[in-house]
Each structure stands twice: as structure tokens, then as C-alpha cells.
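Have a look at the structure below before the remarks.
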Amino acid sequence: SEYMEKHSVSRLIGAPPGYVGYEEGGQLTERIRRRPYAVVLFDEIEKAHHDVFNVLLQILEDGRLTDGQGRVVNFKNTVVILTSNIGSALFQDPKIGREELKRRVQDQLRQHFRPELINRIDEIIVFNRLEKDDILEIVDLNLRDLVAKLEERGITLTLDPPAREKIAAEGFDPDFGARPLRRLIQRQIQDPLALMLLKGEIKDGDKVKVSADGKDGGFGFSKPKRAATAG
């Protein structure tokens, strides 16, 4: 989406002589010139301007690109990855089988992108629908940073299986994917924990367990009782 306008091509290869930013070089060409062994990712490429596709055609066909200063930049040791949401609406229909889904997505790609670009791509990969295990794994990945921050204070955070499944069920949306998971964890896990820390209900060294049976259908937070020591 950063390259939707026609003039955004100059950001990739650098401004031509006489224009502002000529000395700086292009965002793409300058980085590859300095580090030719790289992976370049264009996310949601369908949003880019058609002139950006012309730049990609030259990279994929010739393996090189001339920047705004006239220097030839070698892309032959660079892996270029393009991602797209084209055909994503098809994933919401569970009646469409895997092979049929792949065929329809590729048909839509051919309708949107020019044949010369499609023909220069080595491999087109259509991802599978997210299954329950995938969503649970995404939940764990999103919780990892929170767990690590609490561990810095000696606080151990654990979630029981129903709590993980509750986050996965309430945070995943077929239309928006797994992104709402992060917001749900922020609102219903991280914010309540922060409030408990401010109130002194949780202290350094405590163990906190998150359950799915909290008040008003929310999450519950409890501190397991420490074993008494004989004195």
C-alpha cells in the first residue's frame, strides 16, 4: 500500500537527477546494492501501482535494476516474495475443496496481474485455511511477549487449556484473520494484569493462572496458594 501512487516508483529506485532525494538513492536498490544476499518481501502487492510492476518485471526477468543515479544493481542473489489477498474471500466457503480453491485463486490472480508478471514467478503458493491447531499456535505466539515481560519481574503466567481455546474462539475472525487475537489479548488479558499489578494484587515472584471461567463470561485470574513450609 506504500507504493499505490505513480511517483512511488522513485522511492524504490531513487529520484532522477535534478529531483529532491537524488543523492539518497532508492529504498530497494540501495539496500540490495549494499547487501545483495537478501530476501525482499512485497506485502499485498495487488495494491501497488502498475509502474511498480514494471520494476518487478525487470528484476524477475533480468535479475538487475538501474537506479536513479545510473548504477546497475544486481538482484541475482536476492529472493523476491510477493504476497496477495486476492481470492481470500473464497477461503470463507468451507464447501470449496483444496484443489478447487487453488484453481479459483490462481484464476483471479491471472485476471488481476499481467501474464508477463505471472510467467516470471517461479512458484505460486496458495496457503491452506487456518485450522483450530493453527489458531491455538498463533495464540501462543501472541502471548509469548507478555509471558516474557512478566518473567523479567519473576512473575509466572500460565493459561489453562480452556482459556487458550476461549481466546482462539473469540479472537479469530474469518474476515479479519488472526489479527483480532492481539487486541483481545490486550483488552482481556494484558490490561487486567496491568491493573492488578498497579493495585498490588500481583507482586514480583507471584504465579498467575488464567482460566476461562471469569466473571460476566470473561477470563479469571488466580494465584495458586504457596505451599506452607514447616517451621
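Going by the numbering used here, 1335 is the number at position 61 of the sequence shown; the sequence numbering is gapless. In this text, a Cβ means the ideal position worked out from N, Cα and C, and glycines have one as well. As the structure is a prediction and not an experimental result, all values here were calculated from the model.
Annotated three-state conformation of ALA1443 is helix, per DSSP. Runs of beta strand (DSSP E) with 3 or more residues, each lying fully within the stretch 1367 to 1449, are found at 1430 to 1433, listed in chain order.
With fewer than 16 other Cβ atoms inside 10 Å of its own Cβ, LYS1423 counts as exposed.
Judged by DSSP secondary structure, LYS1473 falls within the alpha helix (DSSP H) whose first and last residues are 1465 to 1473. Within the same chain, Cβ atoms closer than 6 Å to the Cβ of ILE1360 are found at GLU1320, GLN1382, LEU1383 and HIS1386, the five residues on either side in sequence being excluded. The C-beta distance from ILE1459 to LEU1417 rounds to 6 Å, short enough to fall under 8 Å. The three-state reading of DSSP puts ASN1328 in helix, counting H, G and I together. Contact between VAL1354 and VAL1379 is ruled out by a C-beta separation of about 20 Å, above the 8 Å threshold. Between the stretch 1437 to 1453 and the stretch 1466 to 1473, the count of Cβ pairs shorter than 8 Å is below three; the stretches do not touch. Between the C-alpha atoms of ARG1285 and ASP1414 there is a straight-line separation of about 37 Å. If you look at THR1352, you'll find it in the beta strand (DSSP E) that goes 1352 to 1356. Take ASP1434, set aside five residues on each side of it, and the residues of its chain with a beta-carbon closer than 8 Å to its own are LYS1483, VAL1484, SER1485 and ALA1486, in chain order. Per the coordinates, the alpha-carbon of ARG1338 lies some 23 Å from the alpha-carbon of GLU1318. A residue is called buried when at least 16 other Cβ atoms come within 10 angstroms of its Cβ; ILE1395 does not meet this threshold and is exposed.
The DSSP-derived three-state label of LYS1483 is strand. The beta-bridge partner set that DSSP reports for ARG1338 consists of ASN1348.
As a beta-bridge residue in DSSP terms, ALA1312 pairs with THR1352. Counting along the chain, the unbroken beta strand (DSSP E) around SER1496 starts and ends at 1494 to 1496. Between the alpha carbons of THR1432 and GLN1462 lies a gap of roughly 15 Å.
By the CB criterion at 9 Å, ILE1287 and THR1352 fall outside the cutoff.
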